[in-house]
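Sequences listed follow chains A and B, in order. Counted the way our numbering counts, the first sequence spans residues 552 to 776. Counted the way our numbering counts, the second sequence spans residues 552 to 776. Beneath this line is the structure, given in structure tokens, with notes to follow.
There are 2 protein chains.
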Amino acid sequence: MSPSVETTPPPSDRVRLRRKPGRGHHDRATIDAILDAAPLCHVGVVVDGQPYVTPTFHWREGDHLYIHGASKNRTLSVADGTEVCVTVSILDGLVLARSAMHHSANFRSVMILGRAHRIEDPDTKRARLKGFIESLYPGRWDALRPMTDTELKATAVLSLALDEASAKVRDGGPMDDEADLSWPVWSGVIPLRTALGAAVADAHTPAGTPPPALGMAVAPIPGSD
Amino acid sequence: MSPSVETTPPPSDRVRLRRKPGRGHHDRATIDAILDAAPLCHVGVVVDGQPYVTPTFHWREGDHLYIHGASKNRTLSVADGTEVCVTVSILDGLVLARSAMHHSANFRSVMILGRAHRIEDPDTKRARLKGFIESLYPGRWDALRPMTDTELKATAVLSLALDEASAKVRDGGPMDDEADLSWPVWSGVIPLRTALGAAVADAHTPAGTPPPALGMAVAPIPGSD
Ligand SMILES: Cc1cc2nc3c(=O)[nH]c(=O)nc-3n(C[C@H](O)[C@H](O)[C@H](O)COP(=O)(O)OP(=O)(O)OC[C@H]3O[C@@H](n4cnc5c(N)ncnc54)[C@H](O)[C@@H]3O)c2cc1C
Ligand SMILES: Cc1cc2nc3c(=O)[nH]c(=O)nc-3n(C[C@H](O)[C@H](O)[C@H](O)COP(=O)(O)OP(=O)(O)OC[C@H]3O[C@@H](n4cnc5c(N)ncnc54)[C@H](O)[C@@H]3O)c2cc1C
Ligand code: HEM
Ligand code: HEM
Numbered sequence: 552m553s554p555s556v557e558t559t560p561p562p563s564d565r566v567r568l569r570r571k572p573g574r575g576h577h578d579r580a581t582i583d584a585i586l587d588a589a590p591l592c593h594v595g596v597v598v599d600g601q602p603y604v605t606p607t608f609h610w611r612e613g614d615h616l617y618i619h620g621a622s623k624n625r626t627l628s629v630a631d632g633t634e635v636c637v638t639v640s641i642l643d644g645l646v647l648a649r650s651a652m653h654h655s656a657n658f659r660s661v662m663i664l665g666r667a668h669r670i671e672d673p674d675t676k677r678a679r680l681k682g683f684i685e686s687l688y689p690g691r692w693d694a695l696r697p698m699t700d701t702e703l704k705a706t707a708v709l710s711l712a713l714d715e716a717s718a719k720v721r722d723g724g725p726m727d728d729e730a731d732l733s734w735p736v737w738s739g740v741i742p743l744r745t746a747l748g749a750a751v752a753d754a755h756t757p758a759g760t761p762p763p764a765l766g767m768a769v770a771p772i773p774g775s776d
Numbered sequence: 552m553s554p555s556v557e558t559t560p561p562p563s564d565r566v567r568l569r570r571k572p573g574r575g576h577h578d579r580a581t582i583d584a585i586l587d588a589a590p591l592c593h594v595g596v597v598v599d600g601q602p603y604v605t606p607t608f609h610w611r612e613g614d615h616l617y618i619h620g621a622s623k624n625r626t627l628s629v630a631d632g633t634e635v636c637v638t639v640s641i642l643d644g645l646v647l648a649r650s651a652m653h654h655s656a657n658f659r660s661v662m663i664l665g666r667a668h669r670i671e672d673p674d675t676k677r678a679r680l681k682g683f684i685e686s687l688y689p690g691r692w693d694a695l696r697p698m699t700d701t702e703l704k705a706t707a708v709l710s711l712a713l714d715e716a717s718a719k720v721r722d723g724g725p726m727d728d729e730a731d732l733s734w735p736v737w738s739g740v741i742p743l744r745t746a747l748g749a750a751v752a753d754a755h756t757p758a759g760t761p762p763p764a765l766g767m768a769v770a771p772i773p774g775s776d
């Protein structure tokens, strides 16, 4: 998924990687693919000088990432109009080496910096929430009991532009020191992935109702099971 | 895993849940179980007023959480002696309801606030790094090429006390509005979990070398596969 030599320069010095810069990427194709492959992000905001990191769902439409919650949600209220950091990480594997220090992990991650903004226009907000449902469960929005104005009012949706972002990707086996290669211990990679269990319908779902189709962020990787 | 009514009060007002407080827990048994069930955390620090959220491995020994990286790592350098937020989240399932707003997720998460501190004493640092390897791969430390002083020097380990922390846990099915229960759409839960792929030895591992035993944070859930 990622070229070994980066061709897109960092859009700012704040998102230039200092540690292991060879694992850095700033092209939108790499960034978007990671954002779309996981439904969960961690949002960093500052309250009275103290950082808070809050796990939350995210979805992407075009050049923006979106998050949602209660209109009175603290993280979303603080984030509105201020600089946040939103991070998405996927742990793809454990890397076992012959020395302790060369143990590592395979991963894909994105960090986005910028000012988040609350969407005020009700129609736009409704369209984004539809996009959220559809991104996880394509075709589901029209099958649901329609959203009410009260529900829309109770909900805040924030957008964050993808202008200042970086990706970091590691893959492959352990990078042992040459002199250690004959050390007799198992070394290699243990792949990890998110697996879906069998869908469990609740007691009110009529028998024979088809379970939902799943969107990209939660669909099983083709050939993985 | 979690009592439905919380009996342990929040240790500070900063870690008292405002949204869905009934899902909050402050007892160490609940907090420790979540920290030990996942290897990955997200560390929040503030640099020039800007929050940064960095994904990193963590491990716990007793009343402290530990993280590690390069001695020159920016996140670790900034975190030393300052207030950080470390968040661990596990996504256990997707919850599908009959109305858009009642869609949700099952999850377990912990947020820890406090001052992190770099471990200066080399023997203590070495013992903690051994603890890290052993927590993921019990019995592996003694099988590895011994760690050198240079490697130890290149590495920073930070500790964070678990004094000011909270957990939040959701489980169960959708919480639909009573009037929607007959709406004819599939509703229920799609469980998610982390699955391990088959371990892939690298080219230098002698044939017949046994693959590693796995510790709690990465072992498959009993009965899950
Ligand atoms: C699953 C996972 C586990 C990890 N475990 C560890 C660990 O245990 N120890 C460890 O030292 N590191 C770990 N890393 C890497 C870690 O996220 C940082 O990249 C690394 O620690 C360097 O941090 P720094 O603050 O010095 O970054 P710097 O290189 O100083 O960061 C400068 C800029 O580079 C970009 N950047 C840095 N890291 C990332 C990233 N992960 N994703 C996207 N952009 C980034 C950001 O824009 C940041 O502002 C892990 C990463 C992942 C995804
Ligand atoms: C996997 C996952 C996905 C989530 N998705 C969403 C989403 O899409 N939208 C949404 O609104 N919320 C989501 N949440 C819940 C979210 O993490 C917050 O709890 C919620 O948004 C309230 O945020 P707040 O800033 O108003 O918290 P407040 O209740 O104001 O926070 C006060 C204090 O409560 C504690 N606290 C709050 N949240 C957590 C937590 N998650 N874990 C441990 N302690 C906590 C902290 O100590 C915090 O300082 C998700 C949580 C998880 C784990
Ligand atoms: C199983 C145990 C371990 C795991 C899973 C692990 C994982 C990681 C990961 C994922 C990184 C980030 C690499 C990157 O930025 O791309 C890292 C960095 C680092 N680790 Fe570990 N590690 C382990 C044990 C150790 C030990 C025991 C030491 C010390 C001897 C150590 C020293 C370091 C150092 C110095 C870095 C910084 C690399 C850099 O930023 O240039 N690690 N580790
Ligand atoms: C598939 C889509 C959705 C998912 C996966 C989802 C998930 C979540 C999760 C996990 C929470 C946190 C609950 C908690 O704090 O314990 C939440 C909160 C919330 N969601 Fe959604 N949601 C979805 C769609 C929507 C939609 C479409 C709306 C708007 C109509 C909405 C409105 C809200 C509100 C108002 C809260 C705040 C609850 C509170 O803090 O009291 N959600 N959502």
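Backbone N, C-alpha and C define an ideal beta-carbon position, used for all residues, glycine too.
Review point. Leaving out the 5 sequence neighbours to the left and right, which residues in its chain are closer than 7 Å to Arg570/B when beta-carbon positions are compared?
Key: In the second sequence, counting from the first residue as 1, residue 570/B sits at position 19. Excluding sequence neighbours, Arg570/B sits near nothing in its chain.
Practice item. My understanding is that Tyr688/A touches Pro763/A, with C-beta atoms under 8 Å, so please give their C-beta distance in whole angstroms. Key: Stepping through the first sequence from its first residue, residue 688/A is reached at position 137. Stepping through the first sequence from its first residue, residue 763/A is reached at position 212. That pair is a contact at about 5 Å.
**Study point:** Gly620/A versus Ala707/B - alpha carbon distance
**Key:** The residue labelled residue 620/A in the question sits at position 69 within the first sequence. The residue labelled residue 707/B in the question sits at position 156 within the second sequence. Distance between the alpha carbons of Gly620/A and Ala707/B: 37 Å.
**Study point:** Cβ of His668/B within 8 Å of any chain A Cβ
**Key:** Within the second sequence, numbered from 1, the residue matching residue 668/B stands at position 117. Contact with chain A is absent for His668/B, since none of that chain's Cβ atoms lies less than 8 Å from the residue's Cβ.
Check your understanding: Rounded to whole angstroms, how far is the Cβ of Asp714/A from the Cβ of Pro560/A, which I believe are closer than 8 Å?
Key -> For the purposes of this step, residue 714/A is taken as residue 163 along the first sequence, with counting starting at 1. For the purposes of this step, residue 560/A is taken as residue 9 along the first sequence, with counting starting at 1. Not a contact, Cβ separation roughly 14 Å.
Review point. Helix or strand or just coil, what does DSSP make of Ser553/B?
Key: On the second sequence, position 2 is the one that residue 553/B refers to. Here Ser553/B scores only 47 on pLDDT, less than 50, and its place in the model should not be relied on; the value that follows carries that caveat. If DSSP states are grouped into helix, strand and coil, Ser553/B belongs with coil.
Point to revise | Backbone CA spacing between Asp776/B and His653/A [nearest angstrom] | key: By 1-based counting over the second sequence, the position of residue 776/B is 225. By 1-based counting over the first sequence, the position of residue 653/A is 102. Note that Asp776/B scores 46 on pLDDT, short of 50, meaning its location in the model is unreliable; the coordinates nonetheless yield the value given after this. Going from the Cα of Asp776/B to the Cα of His653/A covers about 30 Å.
Practice item. Taking only beta-carbon positions, decide if Ile741/B is within less than 8 Å of chain A. Key: Mapped onto the second sequence, residue 741/B falls at position 190. Interface residue, yes.
Practice item. Name the residue from Arg691/A, Lys719/A, Glu557/A whose alpha carbon lies nearest to the alpha carbon of Thr760/A. Key: Indexing the first sequence from 1 puts residue 760/A at position 209. Residue nearest to Thr760/A within the set Arg691/A, Lys719/A, Glu557/A is Arg691/A (criterion: CA-CA distance).
Check your understanding: By a C-beta neighbour count over all protein chains shown, 10 Å radius and 16 as the cutoff for buried, is Gly575/B buried or exposed?
Key -> Along the second sequence, read from residue 1 onward, the residue named residue 575/B stands at position 24. With 16 or more other Cβ atoms within 10 Å, it is buried.
Practice item. Could you list which residues in chain D have their beta carbon closer than 7 Å to that of Ala750/B, in chain order? Key: In the displayed structure, chain D is absent; the protein chains listed are A and B.
Practice item. Apply the 10 Å Cβ neighbour rule to Val751/B and answer buried if 16 or more other Cβ atoms are within range, or exposed otherwise. Key: In the second sequence, residue 751/B corresponds to position 200, counting from 1. Under this definition Val751/B is an exposed residue.
Exercise for review: Report yes if the CB atom of Ser659/B is closer than 8 Å to the CB atom of Ile741/B, and no otherwise.
Suggested key: In the second sequence, counting from the first residue as 1, residue 659/B sits at position 108. In the second sequence, counting from the first residue as 1, residue 741/B sits at position 190. Residue identity check: residue 659/B is Arg in the sequence provided, not Ser. Cβ distance not < 8 Å, so Arg659/B and Ile741/B don't count as in contact.
Check your understanding: Going by beta carbon distance, what residues of the same chain come within less than 6 Å of Pro725/B, once the five residues before and after it are set aside?
Key -> What you label residue 725/B is simply residue 174 of the second sequence in a count that begins at 1. Hits under 6 Å: Val646, Ala648, His653, Ser738.
Review point. Secondary structure at His577/A, three-state DSSP: helix, strand or coil?
Key: By one-based count along the first sequence, residue 577/A stands at place 26. DSSP, reduced to helix, strand and coil, places His577/A outside both helices and strands of the structure shown, so it counts as coil.
Practice item. Assign Thr607/A to one of three DSSP states: helix, strand, or coil. Key: Here residue 607/A corresponds to residue number 56 of the first sequence, with the count starting at 1. In the structure shown, Thr607/A sits in a strand (DSSP, three-state: E or B).
Check your understanding: Which class does Asp631/A belong to by DSSP, given the choice of helix, strand or coil?
Key -> The residue you call residue 631/A lines up with position 80 of the first sequence. Three-state DSSP puts Asp631/A in a strand.
Point to revise | Glu612/A versus Ala716/A - alpha carbon distance | key: Here the question's residue 612/A lines up with position 61 in the first sequence. Here the question's residue 716/A lines up with position 165 in the first sequence. Taking the straight line from one Cα to the other gives about 16 Å.
Review point. How far does the alpha helix (DSSP H) with Pro673/A in it reach, from first residue to last?
Key: One-based indexing of the first sequence puts residue 673/A at position 122. Secondary structure note for Pro673/A: its alpha helix (DSSP H) is the uninterrupted segment 673–687.
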